[in-house]
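Have a look at the structure below before the remarks.
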Amino acid sequence: MKVPQVSVIIPAYNAARFLAETIRSVQHQTFRNWELIIVDDGSIDKTKDIAAPFLTDDRIRYVYQENAGVSSARNRGLSEARGEFIAFLDADDLWLPENLAKKVEYLESHSHVSLVHADTEEILADSSRTGFVLSGKAGDVLPDLLMWNGSVVPGIHSMLVRKSAMTETGGFDTD
-2 MKVPQVSVII PAYNAARFLA ETIRSVQHQT FRNWELIIVD DGSIDKTKDI AAPFLTDDRI
58 RYVYQENAGV SSARNRGLSE ARGEFIAFLD ADDLWLPENL AKKVEYLESH SHVSLVHADT
118 EEILADSSRT GFVLSGKAGD VLPDLLMWNG SVVPGIHSML VRKSAMTETG GFDTD
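Oh and the sequence shown: position 131 is 128 in this note's numbering, straight run, nothing missing.
If you want it as structure tokens, here you go:
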């Protein structure tokens, strides 16, 4: 397998209920040069069993760790990631098919940008749409991020970030 351009990290803790649909939303991306790293954070449900059939796709890996929390699971995924760009997707979230394509295209054509995000639409547990959309801010969002000034990024699942930026910041604080 060639080196993936995007590493998608799914931290999963007792995620059996939603994980298959989440994985399928990654597999249905129009952008195909990705790897998916599922980090099972000590689940005691059937998360591993749900992930197992998807491991026939050589772009998908499953990693188990003792329960240490979502930040630790994301950091573990970062340590396993081989892509130039990193995308985080929670185990109960879904992406529309063009999500990665649009974000990769933007980052490739804007080398000075380290992070891009999109709006997020709330869905219910049965995957029905509510119509409620969270939007972030455009432009230079660093000052707003640093000051926690309003909704800057709708959620981590809406971001695509350069791996180099994640490495420079040291990943997620596990405290």
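Positions of the beta carbon are idealized from the N, C-alpha and C atoms, including for glycine. Source: prediction; values computed, not measured.
Please classify residue i as buried or exposed, where buried requires at least 16 neighbouring CB atoms within 10 angstroms.
| i | result |
| --- | --- |
| Arg126 | exposed |
| Asp87 | buried |
| Ser69 | buried |
| Thr166 | exposed |
| Thr27 | exposed |
| Ala115 | buried |
Where residue i and residue j are concerned, what is the direct C-alpha to C-alpha distance, given to the nearest angstrom?
| i | j | result |
| --- | --- | --- |
| Glu32 | Ala84 | 10 Å |
| Pro1 | Ala78 | 9 Å |
| Val23 | Pro50 | 15 Å |
| Gly74 | Ala48 | 16 Å |
| Gly39 | Tyr59 | 12 Å |
| Ala162 | Ser155 | 16 Å |
| Ile35 | Asn11 | 12 Å |
| Leu173 | Ile41 | There is simply no residue 173 to check, as the chain begins at -2 and stops at 172 in what is shown. |
Which stretch, first to last residue, makes up the alpha helix (DSSP H) that contains residue i?
| i | result |
| --- | --- |
| Glu32 | Unbroken run through Glu32 is the beta strand (DSSP E), Trp31 to Asp38; no alpha helix (DSSP H). |
| Tyr61 | Looking at the DSSP string, Tyr61 is not in any alpha helix (DSSP H); the run it does join, the beta strand (DSSP E), is Ile57 to Gln62. |
| Ile20 | Leu16 to Gln24 |
| Ile47 | Thr44 to Ala48 |
| Ser106 | Asn96 to Ser106 |
Can you name, in chain order, every residue of its own chain whose Cβ lies under 8 Å from the Cβ of residue i, other than the five neighbours on each side?
| i | result |
| --- | --- |
| Val110 | Tyr103 and Leu104 |
| Leu91 | Glu18, Thr19, Ser22, Ile120 and Ser124 |
| Ala9 | Leu16, Ile35, Val36, Asp37, Asp38, Ser40, Thr44, Ala48, Ala70 and Ala88 |
Which first and last residues belong to the beta strand (DSSP E) in which residue i is found?
| i | result |
| --- | --- |
| Leu75 | That residue, Leu75, is in no beta strand (DSSP E); its alpha helix (DSSP H) goes Val67 to Glu77. |
| Ser4 | Val3 to Ala9 |
Given residue i, which residues of its chain have a CB within under 6 Å of its CB, disregarding the five upstream and five downstream residues?
| i | result |
| --- | --- |
| Phe169 | Ser68, Arg71 and Asn72 |
Skipping 5 residues on each side, what residues in its chain have a beta carbon closer than 7 Å to that of residue i?
| i | result |
| --- | --- |
| Phe15 | Ala88 and Asp89 |
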